[in-house]
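Trainee: Each residue of the sequence shown is one higher than the one before, starting from 1 at the first, in full-length UniProt numbering. Beta carbons are placed, not taken as given, at the ideal position from N, Cα and C, and that holds for glycine. Below: one structure in structure tokens.
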Amino acid sequence: MSAACHLPQATHVRTRTHAARVRKRAPPPLRVSSGEGTGTSNEDAPTNAKTTTASAAAADILSNKTRPFAFYWPETPASFAKALELGLTNVAIVDADEPKSAKAEANASAMRALAAGVRILKSKHGKLIDENKVIVGTFFDVSNGEKARSAEKAVGSASAHNIFILDPGATGWASIVSENIVAAAQQNSSCRPTLVGVAYDRASATAMLDALEMGLDGIIVKTENISDLAAIAADVAARCDGQVDNKQRASDQGTLAAARVTAITPLGMGHRVCADLCTEMRDGEGLLVGNHNGSYLLVHSECAENDFVASRPFRVNAGSTHMYVYDPVDDKTRYLSELRTGGIVRVVNATRGTTSRAFVGRAKVERRPLVLVEASFESSGRPVSIVLQNAETVRLMRCNNAKEGTTYQGAVSVAALRVGDALLGWEDATDSGGKLLGGRHVGVRIDEFLEER
1 MSAACHLPQA THVRTRTHAA RVRKRAPPPL RVSSGEGTGT SNEDAPTNAK
51 TTTASAAAAD ILSNKTRPFA FYWPETPASF AKALELGLTN VAIVDADEPK
101 SAKAEANASA MRALAAGVRI LKSKHGKLID ENKVIVGTFF DVSNGEKARS
151 AEKAVGSASA HNIFILDPGA TGWASIVSEN IVAAAQQNSS CRPTLVGVAY
201 DRASATAMLD ALEMGLDGII VKTENISDLA AIAADVAARC DGQVDNKQRA
251 SDQGTLAAAR VTAITPLGMG HRVCADLCTE MRDGEGLLVG NHNGSYLLVH
301 SECAENDFVA SRPFRVNAGS THMYVYDPVD DKTRYLSELR TGGIVRVVNA
351 TRGTTSRAFV GRAKVERRPL VLVEASFESS GRPVSIVLQN AETVRLMRCN
401 NAKEGTTYQG AVSVAALRVG DALLGWEDAT DSGGKLLGGR HVGVRIDEFL
451 EER
């Protein structure tokens with residue numbers, strides 16, 4: 001068992017009710033400064049003045065962006081309005097090359113009027129230019145192998161923090177391109193260039209965001225397909241919000257909390273689900289599962305070695321098919337019975353206070369003896385319960401009590417669980433009267449009366 005890592009008493013996993021939720025956390029800015037092909041448009045300015053101006057301009061654009069970030073290259077102001085509504089970005093790019101420069105100015109004016117804080121950048125002669133006519137980025141054609149290798153070489157030899165914009169054009173994005181360029185950036189000992197890909201659909205956006213695990217720093221979305229826009233907005237948000245801000249002391253959806261076991265009751269045979277994920281989990285990682293909306297317990301993965309079966313770090317023996325599995329980032333639930341190959345769940349790391357997406361490789365449903373574990377949250381007294389397979393390999397997450405701070409204290413088998421043990425779970429926020437903030441329809445929170453027993 002690893003050493004306990006202290007979470008704050010009110011550790012809050014960042015949550016979202018929709019892709020359009022504005023992110024409250026402003027992480028340190030991505031550091032960008034100019035290099036080859038980056039500077040002001042004033043040819044008479046001293047070189048060091050160009051560098052300073054370009055560096056400040058690029059840093060200003062990225063200063064409030066989490067990684068990965070997104071810009072949008074819309075065809076019309078109406079398209080950009082939709083991107084704003086979806087929460088994709090507040091930065092638009094217009095094509096200022098002739099003969100489109102007049103239309104670009106008209107579109108830029110219309111888009112600035114849509115909302116406060118809108119930024120309009122221009123693409124002109126292979127450069128990305130800000131409102132003050134400062135070059136803040138350079139486009140690289142990566143539509144074939146030779147051109148991609150040229151971009152890779154430029155990234156690997158850059159001596160300053162350039163913004164490199166990789167455009168595959170109509171040929172489509174090749175995953176190996178982003179992987180090679182990310183690798184080149186990692187090998188650059190002089191600086192860490194900012195890498196941005198032009199995504200023409202969701203598939204290419206996903207490949208860019210996942211390249212060599214860390215992905216590109218950002219994407220420029222260039223599609224009018226609304227469903228793709230919505231999906232990309234959600235994908236970017238999910239990656240941005242996987243990290244918990246432990247300094248944030250308030251959450252509008254809920255919190256990790258300590259729950260004290262009040263009863264343990266064997267139930268007999270029933271159907272349970274093993275969620276086998278395309279991810280290997282470690283100590284302190286698992287899924288939030290529960291019988292009722294608004295209250296869940298953390299079920300540990302089967303990553304530990306034991307005397308009965310080999311370690312299965314990809315598996316969470318999640319419990320009875322009727323139960324909810326909860327995603328604290330998107331604030332959505334699914335029934336365990338709904339899990340299918342290719343589906344997405346949210347793994348919670350209790351030691352670090354973080355979450356990460358994981359894909360379902362297989363959902364294994366079998367009849368097994370079950371046990372009902374009932375508990376109540378120490379902070380509110382609200383009940384929480386879970387139905388699990390009654391087996392030594394099924395484990396929950398132990399913690400100390402709320403007064404001492406909600407601290408992960410290792411996994412405990414349901415076979416060794418005792419009344420009075422403190423477990424780590426998730427408690428939804430309530431109104432002033434202590435009632436949950438609505439019910440759920442197909443996993444989405446809605447404002448309605450709900451009573452679950």
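Which residue or residues does DSSP assign as beta-bridge partners of D276?
Mentor: D276 pairs with R315 and R362.
Trainee: Ordered along the chain, which non-local residues of its own chain (more than five positions away) have a Cβ less than 6 Å from that of V394?
Mentor: These residues qualify, in order along the chain: N317, L388 and V414.
Trainee: Taking the alpha carbon of S204 as the reference point, which residue from A185, N188 and L229 has its own alpha carbon closest?
Mentor: Nearest of A185, N188 and L229 to S204, Cα basis: L229.
Trainee: Can you tell me whether N306 is buried or exposed, with buried defined as 16 or more other CB within 10 angstroms of its CB?
Mentor: By the 10 Å Cβ count, N306 comes out exposed.
Trainee: Spatial neighbours of G197 within its chain, please: CB distance less than 6 Å, with the 5 preceding and 5 following residues excluded, ordered by chain position.
Mentor: The residues are L166, M208, L216 and I219.
Trainee: Assess contact between the region 96–112 and the region 132–144, defined as three or more Cβ pairs (one per stretch) separated by less than 8 Å. Is contact present?
Mentor: These segments do not touch.
Trainee: Just checking my contact of A304 with C399 at CB under 8 Å: how many whole Å lie between their CB atoms?
Mentor: That pair is no contact at about 17 Å.
Trainee: Alpha carbon to alpha carbon, how far is V236 from L297? Give it in angstroms, no decimals.
Mentor: Roughly 27 Å separates the two Cα atoms.
Trainee: Where L256 and M281 are concerned, what is the direct C-alpha to C-alpha distance, given to the nearest angstrom?
Mentor: Roughly 19 Å between the two C-alpha positions.
Trainee: Under 8 Å by Cβ, that's how I've got M397 and A350 pegged, so tell me the actual separation to the nearest angstrom.
Mentor: Going by Cβ atoms, the distance from M397 to A350 rounds to 5 Å, so yes, they are a contact pair.
Trainee: Which residue marks the beginning of the alpha helix (DSSP H) containing M323, and which one marks its end?
Mentor: No alpha helix (DSSP H) contains M323, which DSSP labels as neither H nor E.
Trainee: Just the C-alpha distance for S101 and E179, rounded to the nearest angstrom, thanks.
Mentor: Cα-Cα distance, rounded: 35 Å.
Trainee: Indicate the three-state DSSP secondary structure (helix, strand or coil) for N306 in the structure shown.
Mentor: If DSSP states are grouped into helix, strand and coil, N306 belongs with coil.
Trainee: Name the residue from S175, A183, F164 and T171 whose alpha carbon lies nearest to the alpha carbon of T194.
Mentor: Considering only alpha carbons, the answer is F164.
Trainee: What is the rounded straight-line gap between the Cα of I232 and the Cα of V345?
Mentor: The straight-line gap from Cα to Cα measures roughly 17 Å.
Trainee: Pull up the CB-CB distance for V221 and A70, whole angstroms please, since I reckon it's below 8 Å.
Mentor: About 6 Å separates the two Cβ atoms, so the contact holds.
Trainee: Can you tell which of E105, C191 and T265 has its C-alpha closest to the C-alpha of R418?
Mentor: Measuring from the Cα of R418, the nearest candidate turns out to be T265.
Trainee: From what residue to what residue does the beta strand (DSSP E) around M397 run?
Mentor: Taken as a continuous stretch (DSSP letters only), the beta strand (DSSP E) holding M397 covers R395 to C399.
Trainee: Is it the case that the Cβ atoms of G425 and V384 are separated by a distance below 8 Å?
Mentor: Result yes, Cβ atoms of G425 and V384 sit closer than 8 Å.
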